[in-house]
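**Q**
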Amino acid sequence: ERLLRWRASEGWGPLCRALHETVPEEPFPWVNRREDWG
Numbered sequence: 125e126r127l128l129r130w131r132a133s134e135g136w137g138p139l140c141r142a143l144h145e146t147v148p149e150e151p152f153p154w155v156n157r158r159e160d161w162g
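Going by the working numbering, the first residue of the sequence shown is number 125, and it counts up by one from there.
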């Protein structure tokens with residue numbers, strides 16, 4: 125078993141590497157970013 129410690133702020137890279145998937149072309153889907161709240 126392997127544990128992935130990942131934060132959304134790290135984007136696709138670490139997550140896709142851990143899952144042995146290619147990084148998508150589209151940007152990471154940011155929802156409720158701090159900047160959006162003022």
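Glycine is no exception: its CB is placed at the ideal position from the N, C-alpha and C atoms.
(1) Rounding to the nearest angstrom, what Cα-Cα distance links residue 138 and residue 150 in this structure?
(2) What number of angstroms, rounded off, separates the C-alpha of residue 129 from the C-alpha of residue 135?
(3) By the DSSP assignment, the alpha helix (DSSP H) with residue 141 in it spans what residues?
(4) Secondary structure at residue 154, three-state DSSP: helix, strand or coil?
**A** Walking through what the data contain:
(1) Numbered from 1 along the sequence shown, position 14 holds the residue referred to as residue 138. Numbered from 1 along the sequence shown, position 26 holds the residue referred to as residue 150. Approximately 16 Å between the Cα atoms of the pair.
(2) On the sequence shown, position 5 is the one that residue 129 refers to. On the sequence shown, position 11 is the one that residue 135 refers to. Cα-Cα distance, rounded: 12 Å.
(3) Position 17 of the sequence shown holds residue 141. First-last of the alpha helix (DSSP H) with residue 141: 136-143.
(4) Residue mapping note: residue 154 aligns to position 30 of the sequence shown, counting from 1. The answer is coil: DSSP assigns residue 154 none of H, G, I, E or B.
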